[in-house]
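>
In the numbering used here, the protein residues as written are 9 to 425.
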């Protein structure tokens, strides 16, 4: 097994596109493995975007100045959207459109505040998972572990590429709406004092607003996409670590060949490995708890509102299609987290089965047998991606949210009739 060798990444563009180049290189070389975990690469992408707010980067004047600049741009966009609501009152379709984008920007703002608070702790978790990924595996499990890590890296990068493709396609469609929807003069409906947004009265100001809207939203939606990938990848790396643990456990007896000393040493190491995964899971759930709650509420609001607006705008196919895209992206975002939450819990349940398969009552002393029993007992409690007091992130609860959204949509639809 060989590792990929490449030149040191220095430029911001190289850091941003680094994971895509890495995935292509890993795909072409079957014996190669990624130099870093996904979370490490996405952290590099956030740094390349200039909005990574750990304590170290907060001391850099240029980075701080950039943070203030883009934050003011985002705050200005949010204020202009709120100001534009006054023009949409009485029009359900336009009011719903304004609310959708106001909710989206509030969600971005919350993510920025969350990241500013927990960037340092996320660094600790990413570094710990990076160390785990580079642990050397000995014995018969080595080849299978390598193939598993390689496959997981490529599958997640394929999802990242797909998600970014849809995100950028949506932004290009949204930015171009003033050119193919006659009722829209701006990508996002806003209002400014002195009618600065009116192209007939202030054409130069109107162009500046278009450019500002386009660049600000493109930047922050890309930032949000990278941040979401980093958050999901933390739990995905924990899932991969659990898979590696299961592989090692199933090959434990073949590795030890009846040697009690090796068996005891390896069993203790794997027990500590499992404990480390549990600790990292608890830290991730603690850090993301507030973010998960906000995410559930925002997704619930966006899906319900989009469903209602698709129904309200059924006489205008272009507007209905726009809301349909927003709804599909929101559902994709929620299902993205839910699916990986399911995978995480399912893989944690496999650990108890793997320990049971590794247990041989004819090999080892009583202390080794007690260690196996303790390991099996602790592994029977599945690990979950949770947002206390809400239920865990999984596909079962995802379907429950969809049912509630449909119920609200039905109630709102009846009000139109």
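Virtual Cβ for every residue (Gly too), placed ideally from N, Cα, C.
So, for residue 148: in the same chain, excluding its five sequence neighbours on each side, which residues have a beta-carbon less than 8 angstroms away from its beta-carbon?
Here the question's residue 148 lines up with position 140 in the chain shown. Scanning its chain for C-beta atoms nearer than 8 angstroms, with the 5 sequence neighbours on each side dropped, one finds around residue 148 the residues 259, 262 and 263, in chain order.
> What do you get for residue 60, buried or exposed, if any count of 16 or more other CB atoms within 10 angstroms of its CB means buried?
Position 52 of the chain shown, counting from 1, holds the residue named residue 60. Classification for residue 60: buried.
> Do you know whose CA, among 239, 130 and 44, lies nearest residue 346's CA?
Numbered from 1 along the chain shown, position 338 holds the residue referred to as residue 346. Answer by Cα proximity: 239.
> Let me check one thing: in DSSP terms, what residues is residue 398 bridge-paired to?
The residue given as residue 398 occupies position 390 in the chain shown. DSSP lists 395 as partners of residue 398.
> Residue range of the alpha helix (DSSP H) that residue 430 falls in?
Not covered by the structure: residue 430. The range shown for the chain is 9 to 425.
> Under 8 angstroms by Cβ, that's how I've got residue 47 and residue 241 pegged, so tell me the actual separation to the nearest angstrom.
As a first step, residue 47 must be located in the chain shown, where it is residue number 39. As a first step, residue 241 must be located in the chain shown, where it is residue number 233. About 5 angstroms separates the two Cβ atoms, so the contact holds.
> If we count Cβ pairs, one from each stretch, closer than 8 angstroms, do we get three or more for the stretch 95–112 versus the stretch 123–133?
Flag = no, the stretch 95–112 and the stretch 123–133 do not touch.
> Can you give, in chain order, each stretch of the alpha helix (DSSP H) that sits fully within the stretch 24–105 and has at least 4 residues?
46–57 and 69–96
> Using only the alpha-carbon positions, how far apart do residue 224 and residue 328 sit?
In the chain shown, residue 224 corresponds to position 216, counting from 1. In the chain shown, residue 328 corresponds to position 320, counting from 1. Spanning the two alpha carbons is a distance of roughly 25 angstroms.
> Using the beta-carbon count (16 or more within 10 Å), is residue 370 buried or exposed?
Along the chain shown, read from residue 1 onward, the residue named residue 370 stands at position 362. Exposed is the call here.
> If you scan the stretch 207–247 from start to end, which runs of the beta strand (DSSP E) of 3 or more residues do you find wholly inside it?
Segments of the beta strand (DSSP E) lying fully in the stretch 207–247: there are none.
> Excluding the 5 residues flanking residue 95 on each side, which residues of the same chain have their C-beta closer than 7 angstroms to its C-beta?
Reading the chain shown from its first residue, position 87 is the one you call residue 95. So the list reads 199, once near-sequence residues are dropped.
> For residue 254, is the classification buried or exposed, using 16 other Cβ atoms within 10 angstroms of its Cβ as the cut-off for buried?
Stepping through the chain shown from its first residue, residue 254 is reached at position 246. Burial call: buried.
> Determine whether the beta carbon atoms of residue 257 and residue 363 lie at a separation below 7 angstroms.
Mapped onto the chain shown, residue 257 falls at position 249. Mapped onto the chain shown, residue 363 falls at position 355. Yes, they are a contact pair.
> Just to confirm before moving on: does the CB-CB distance between residue 50 and residue 234 stay below 7 angstroms?
If you number the chain shown from 1, residue 50 lands on position 42. If you number the chain shown from 1, residue 234 lands on position 226. Yes.
> Whole angstroms are fine: how far does the CA of residue 274 sit from the CA of residue 284?
Working through the chain shown from its first residue, we reach residue 284 at position 276. Working through the chain shown from its first residue, we reach residue 274 at position 266. Going from the Cα of residue 284 to the Cα of residue 274 covers about 15 angstroms.
> Starting from residue 204, trace the alpha helix (DSSP H) in both directions and tell me its first and last residue.
Mapped onto the chain shown, residue 204 falls at position 196. Where residue 204 is concerned, there is no enclosing alpha helix (DSSP H), given that its DSSP letter is neither H nor E.
> For residue 217 and residue 137, I'd like the C-alpha separation in whole angstroms.
The residue given as residue 217 occupies position 209 in the chain shown. The residue given as residue 137 occupies position 129 in the chain shown. Answer to the nearest angstrom: the Cα atoms are 43 angstroms apart.
> Where do the N-terminal and C-terminal ends of the alpha helix (DSSP H) with residue 261 fall, by residue?
On the chain shown, position 253 is the one that residue 261 refers to. Membership of residue 261 in the alpha helix (DSSP H) is indicated by the continuous run 260–264.
> Could you check what DSSP says for residue 143 in three-state terms: helix, strand or coil?
Residue mapping note: residue 143 aligns to position 135 of the chain shown, counting from 1. Here residue 143 carries a coil assignment [DSSP, helix/strand/coil].
> Pick out whichever of 304, 348, 355 and 172 has its Cα sitting closest to the Cα of residue 413.
Translated into the one-based positions of the chain shown, residue 413 becomes position 405. For residue 413, the closest C-alpha among the options 304, 348, 355 and 172 is that of 304.
> Leaving out five residues on either side along the sequence, give the residues of the same chain with a beta carbon under 8 angstroms from the beta carbon of residue 381.
Residue numbering aside, residue 381 sits at position 373 when the chain shown is read from its first letter. Same-chain partners within the cutoff: there are none.
> My understanding is that residue 366 touches residue 282, with C-beta atoms under 8 angstroms, so please give their C-beta distance in whole angstroms.
Your numbering for residue 366 matches position 358 in the chain shown. Your numbering for residue 282 matches position 274 in the chain shown. Not a contact, Cβ separation roughly 12 angstroms.
> Under the assumption that residue 349 contacts residue 393 (Cβ atoms under 8 angstroms), give the Cβ distance between them as a whole number of angstroms.
Residue numbering aside, residue 349 sits at position 341 when the chain shown is read from its first letter. Residue numbering aside, residue 393 sits at position 385 when the chain shown is read from its first letter. So it is a contact: roughly 4 angstroms between Cβ atoms.
> Taking residue 111 as the reference, give the member of 85, 287 and 131 with the closest Cα.
In the chain shown, residue 111 corresponds to position 103, counting from 1. Considering only alpha carbons, the answer is 85.
> What is the DSSP secondary structure of residue 194, counted as helix, strand or coil?
Here the question's residue 194 lines up with position 186 in the chain shown. Correct three-state label for residue 194: coil.
> Would you kindly check if the distance between the Cβ of residue 35 and the Cβ of residue 164 is under 7 angstroms?
Locating residue 164 in the chain shown gives position 156, counting from the first residue. Locating residue 35 in the chain shown gives position 27, counting from the first residue. When the beta-carbon positions are compared, residue 164 and residue 35 stay at least 7 angstroms from each other.
> For residue 228, collect the residues of the same chain with a Cβ closer than 7 angstroms to its Cβ; drop the 5 residues on either side in sequence, then sort them by chain order.
Start at 1 with the first residue of the chain shown, and residue 228 comes out as number 220. Closer than 7 angstroms at Cβ, skipping near neighbours: 82 and 116.
> Assuming residue 45 and residue 178 are in contact, meaning their beta carbons sit under 8 angstroms apart, how far apart are those beta carbons, in whole angstroms?
By one-based count along the chain shown, residue 45 stands at place 37. By one-based count along the chain shown, residue 178 stands at place 170. Not really, about 28 angstroms apart at Cβ, beyond 8 angstroms.
> DSSP state of residue 128, grouped into three classes?
Here residue 128 corresponds to residue number 120 of the chain shown, with the count starting at 1. Residue state, collapsed to three classes: helix.
> I'd like the list of long-range same chain contacts for residue 390, defined as Cβ closer than 7 angstroms, with 5 residues on each side in sequence excluded.
Walking along the chain shown from the start, residue 390 turns up at place 382. Within the same chain, and ignoring the five residues on either side of residue 390 in sequence, the residues whose Cβ sits closer than 7 angstroms to its Cβ are 353, 356 and 357.
> If you follow the alpha helix (DSSP H) that residue 173 is part of, which residue opens it and which one closes it?
Position 165 of the chain shown, counted from the start, is the residue given in the question as residue 173. Segment 150–183, the alpha helix (DSSP H) holding residue 173.
> Roughly how many whole angstroms lie between the Cα atoms of residue 299 and residue 316?
Counting from one through the chain shown, the residue named residue 299 turns up at place 291. Counting from one through the chain shown, the residue named residue 316 turns up at place 308. Using only the alpha carbons, I get a separation of about 26 angstroms.
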